[in-house]
Ligand code: HEM
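In my numbering, the protein residues as written are 16 to 240.
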């Protein structure tokens, strides 16, 4: 069996078909991996930072919209929005190609359907949130979203408050349930006991994200009075 002469040569001991299959497999798994790291971790961090709204407008501004330099702002944008875009396209393709199985337990089917409904909700929420709170203020008004504006909107426009309450619910469910399906999909939890533990952890993550996210929405609403 021939061996590759240098590391930059393709390994011809592996059939082309198998290599192509492995490449396609990795490409597909990337949509799942990027959802957790960096997108999921960044999202949890973003919700946590938003709690600074309880302290003062300056604290919120620094924690949520502040960057140490323009380079870190650009790098964060590329490293978070790029993977989010990849995951979104991956998710839409999976939604179009897969259907709930009639064989699996009913609760699993409900969770599968809610995961996809949350994904559609997130698509709409993130589109509006990214445009109104990030792109429009930064690129069209030449400054980051001011605390006073978002707090005022949260307090005086009931539709905004409702959209944020539902958006946080969608992200908490989608990310927590996604953590569980990620662990299963990557073979981290395979036994019945492992799956039951993953379910408990996902529930705790769901409650924690909900508590942090809804508290941040409340803090903005309170500050907008
Ligand atoms: C902040 C935004 C988001 C985060 C943190 C996130 C996170 C996750 C995680 C961790 C998973 C589990 C991956 C796995 O099972 O291997 C997942 C699954 C999924 N995501 Fe997202 N997601 C986000 C936004 C979106 C959007 C906008 C869409 C598309 C509309 C989407 C569609 C999906 C779908 C369909 C699945 C299930 C895939 C399957 O089980 O077959 N996600 N997401």
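We treat Cβ as the ideally placed atom computed from N, Cα and C, and that holds for glycine.
Asked                                                                                              : Found
Buried or exposed by the 16-neighbour rule on C-beta atoms within 10 Å, applied to residue 175     : buried
The ligand HEM heavy atom lying under 7 Å from the CB of residue 186                               : yes
Status (buried if at least 16 other CB within 10 Å, exposed otherwise) for residue 142             : exposed
Cβ pair residue 137, residue 60 closer than 8 Å                                                    : no
Backbone secondary structure at residue 168 - three-state DSSP                                     : helix
Where the alpha helix (DSSP H) containing residue 65 begins and where it ends                      : 56 to 65
Check: residue 107 C-beta below 7 Å from any heavy atom of the ligand HEM                          : yes
Local conformation of residue 114 per DSSP, three classes                                          : coil
CB-CB length for residue 144 against residue 239, believed under 8 Å                               : Not confirmed; about 17 Å, so no contact.
Beta carbon of residue 182 nearer than 8 Å to that of residue 102                                  : no
Under 8 Å between C-beta atoms of residue 72 and residue 163                                       : yes
Close beta carbons around residue 74, own chain, < 7 Å, minus the five adjacent residues each side : 67
Three-state secondary structure assigned by DSSP to residue 160                                    : coil
Beta-carbon gap between residue 115 and residue 53 smaller than 8 Å                                : no
Residue 16 - DSSP class collapsed to helix/strand/coil                                             : Residue placement at residue 16 is flagged as unreliable, the pLDDT there being 45, under the threshold of 50; a coordinate-derived value is accordingly withheld.
CB-CB length for residue 224 against residue 191, believed under 8 Å                               : 6 Å
Residue 34 to residue 84 span [Cα, whole Å]                                                        : 42 Å
For residue 34, the three-state DSSP class (helix, strand or coil)                                 : helix
Distance between beta carbons of residue 193 and residue 50, contact taken as under 8 Å            : 6 Å
Cβ-heavy atom distance, residue 228 to the ligand HEM, below 7 Å                                   : no
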